[in-house]
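Trainee:
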Amino acid sequence: QKEVEQDPGPLSVPEGAIVSLNCTYSNSAFQYFMWYRQYSRKGPELLMYTYSSGNKEDGRFTAQVDKSSKYISLFIRDSQPSDSATYLCAMSGTSYGKLTFGQGTILTVHP
Amino acid sequence: DGGITQSPKYLFRKEGQNVTLSCEQNLNHDAMYWYRQDPGQGLRLIYYSQIVNDFQKGDIAEGYSVSREKKESFPLTVTSAQKNPTAFYLCASSANRDSHNEQFFGPGTRLTVL
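Going down the list, the protein sequences come from chains D and L.
Read in order, the letters of the first sequence correspond to residues 3 to 113 in my numbering.
Read in order, the letters of the second sequence correspond to residues 23 to 136 in my numbering.
1) In terms of residue numbering, what span does the beta strand (DSSP E) encompassing Arg58/L cover?
2) Taking beta-carbon pairs under 7 Å, can you tell me which members of the region 50–62 of chain D lie near chain L?
3) What residues from the region 66–94 of chain D come within 7 Å of chain L, judged by C-beta to C-beta, listed N to C?
4) Along chain L, in chain order, which residues have C-beta atoms closer than 8 Å to that of Pro46/D?
5) Quick check on Phe32/D - is its C-beta less than 7 Å from some C-beta in chain L?
6) Alpha carbon to alpha carbon, how far is Tyr34/D from Tyr51/D? Give it in angstroms, no decimals.
7) Mind reading off the beta-carbon distance from Gln47/L to Glu94/L? Whole number of angstroms is fine, and I expect it under 8 Å.
8) Distance cutoff 7 Å, beta carbons only. Does Tyr62/L sit that close to anything in chain D?
9) Give the C-beta separation of Ala87/D and Tyr27/D to the nearest angstrom, bearing in mind that I take them to be a contact with Cβ-Cβ under 8 Å.
10) Could you name the residues of chain D that Gly130/L contacts, counting a contact when the two beta carbons are closer than 8 Å?
11) Checking 7 Å against the spacing of the C-beta atoms, do Gly130/L and Ile26/L come in under that value?
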């Protein structure tokens, strides 16, 4: 079993929809959680960064962490075609630890 | 502009050849990383370096080698011992020991073995 599981999709939604992306993990030592967005044939870019449990909001994006369930989510409101990308979750046990990535979810937002 | 550059963007190699991928950063970051990305498998860590002249193996180091002679440079050599080298290779960097989680990525090099 992988330490971090992420549904690879693909996920296809209409423009304006609310998108929910999720990861589950097995290592209870993970405390730092990240979401990266990767456009086709490009390097990933950091989208959201959270520490421990709770919510964090940035514009149309909300990251949610539930450590008791070992479950993290990324919500995208009012999704746009420009949100079409692969979304990768990543996590670590310390502020300087190695990152463990999920497999990535391919998202397509169609007009 | 500050950032991470990787070259070349595309690389073709014959079986049995070694090849070196370049990674340079002008962000003054202490730590640098090499990842491999295959379809459906996310990113897997090959090597990382937290300081000049020091580096550690990641999860899939076999068949790869690195050097860190300068802070801004972290080249990766894919040797002939790497059994399945065709992949997308990503270099990343982070500022210092306390912010290793916030990694910034380069544009990647796509290596194809013919």
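The beta carbon of each residue, even a glycine, is placed where N, CA and C say it ideally should be.
Given the structure is predicted, the values throughout are model-derived calculations rather than measurements.
Mentor: Taking the geometry as given:
1) On the second sequence, residue 58/L is found 36 positions in, with the first residue counted as 1. Segment 53–59, the beta strand (DSSP E) holding Arg58/L.
2) For the region 50–62 of chain D, the set of residues with a beta-carbon nearer than 7 Å to any beta-carbon of chain L comprises Tyr51, in chain order.
3) Cβ contacts with chain L come from Leu90, Ser94.
4) Locating residue 46/D in the first sequence gives position 44, where the first residue counts as 1. Simply Leu65, Leu112, Phe127.
5) The residue given as residue 32/D occupies position 30 in the first sequence. Not one chain L Cβ lies under 7 Å of Phe32/D.
6) Working through the first sequence from its first residue, we reach residue 51/D at position 49. Working through the first sequence from its first residue, we reach residue 34/D at position 32. About 7 Å.
7) For the purposes of this step, residue 47/L is taken as the residue at position 25 of the second sequence. For the purposes of this step, residue 94/L is taken as the residue at position 72 of the second sequence. The C-beta distance from Gln47/L to Glu94/L rounds to 6 Å, short enough to fall under 8 Å.
8) For the purposes of this step, residue 62/L is taken as the residue at position 40 of the second sequence. This sequence places Gly at residue 62/L; Tyr is not what is there. At a cut-off of 7 Å between beta-carbon atoms, Gly62/L makes contact with chain D.
9) By 1-based counting over the first sequence, the position of residue 87/D is 85. By 1-based counting over the first sequence, the position of residue 27/D is 25. For a cut-off of 8 Å, the C-beta gap from Ala87/D to Tyr27/D is around 22 Å, too long to register as a contact.
10) For this step, residue 130/L is matched to residue 108 along the second sequence. Here the neighbours are Arg43, Lys44, Gly45.
11) For the purposes of this step, residue 130/L is identified with residue 108 of the second sequence, where counting begins at 1. For the purposes of this step, residue 26/L is identified with residue 4 of the second sequence, where counting begins at 1. No. Outside cutoff.
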